[in-house]
Each structure stands twice: as structure tokens, then as C-alpha cells.
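These notes concern the structure reproduced below.
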Amino acid sequence: MPQITYTEHDGATRVVEGNVGDSVMETAVRNGVPGIVAECGGSLSCATCHVFVDEDDLDRLDPMSEMEDEMLYGTAVDREDNSRLSCQLRLKDGCDLHVTTPETQV
């Protein structure tokens with residue numbers, strides 16, 4: 001099972017095991033991880049699941065879609081080069097991830 005390390009903006013860290021095919025957002029919501037609001041439930045119509053992906057993990061992710069890229073301009077905290085929407089990050093077998101949540105999502 002892939003593991004996701006969620007780091008909050010204040011440095012608190014939680015490691016959660018996820019299911020292959022689930023999103024980083026779904027895994028966070030299901031496990032009560034703070035910092036991911038997920039208002040739209042993963043339908044790519046808000047930006048309240050914004051995360052910063054560890055630089056070492058970026059190459060292992062599927063490329064960002066044009067729609068995700070557009071949605072990232074609506075985040076509460078300015079996007080960075082490693083910004084992604086966690087609803088668009090699908091877990092893969094043998095692919096652990098580390099993401100950091102922004103200070104706020106709204």
C-alpha cells in the first residue's frame with residue numbers, strides 16, 4: 001500500500017496508508033487529516049485541496065491537466081512550482097508521497 005506523509009503548515013506530520021487508485025484528497029478526508037477541506041469532493045471545481053508536493057516526488061506523478069492548472073490560480077495561498085490539487089493525485093503501487101498543506105484553504 002502506498003503511504004502518504006501529510007505535513008501541516010506548522011510542521012505537524014501524519015503518515016497514512018492509502019489504496020492504489022484513490023486520490024491524496026480522498027485518503028486525507030477518509031483519515032481526518034487536517035488542512036484539506038475538499039469542498040467539491042474531488043470534482044475539480046474548487047481549489048480547497050491544494051497541496052505542495054515534495055520536490056522529489058513530482059516526477060512520479062501524472063502530468064497536471066490544463067483544468068487543474070487553471071484551478072490552481074484560485075487557491076487561498078499563492079501557488080508555487082510544486083503546487084497540485086490533491087484530488088488529482090492518484091496513488092500508485094509502490095509510490096509513496098509527501099505533501100504539505102498550505103496555511104489555509106479558504
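The UniProt record's numbering puts the first residue of the sequence shown at 1, with every later residue one more than the last.
We treat Cβ as the ideally placed atom computed from N, Cα and C, and that holds for glycine.
When secondary structure is reduced to three states using DSSP, Ser86 falls in the helix class. The three-state reading of DSSP puts Glu17 in strand, counting E and B together. Annotation: the continuous beta strand (DSSP E) that includes Val51 extends over 50–53. In the DSSP assignment, the residues bridged to Ile4 are Val16, Leu97.
Phe52 is positioned such that its CB atom lies no closer than 7 Å to that of Asn31. The C-alpha of Asp10 is placed about 23 Å away from the C-alpha of Ser23. In the same chain as Arg79, and ignoring 5 residues on each side of it, the C-beta atoms closer than 8 Å to its own belong to His50, Leu72, Tyr73, in chain order. According to the DSSP secondary-structure assignment, Ser45 is paired through a beta bridge with no residue. At least 7 Å separates the beta-carbon of Cys95 from that of Gly42.
Sequence-distant partners of Val106 (beyond 5 residues in either direction) whose C-beta falls short of 7 Å from its own C-beta, in its chain, are Val37, Thr48, Ala76.
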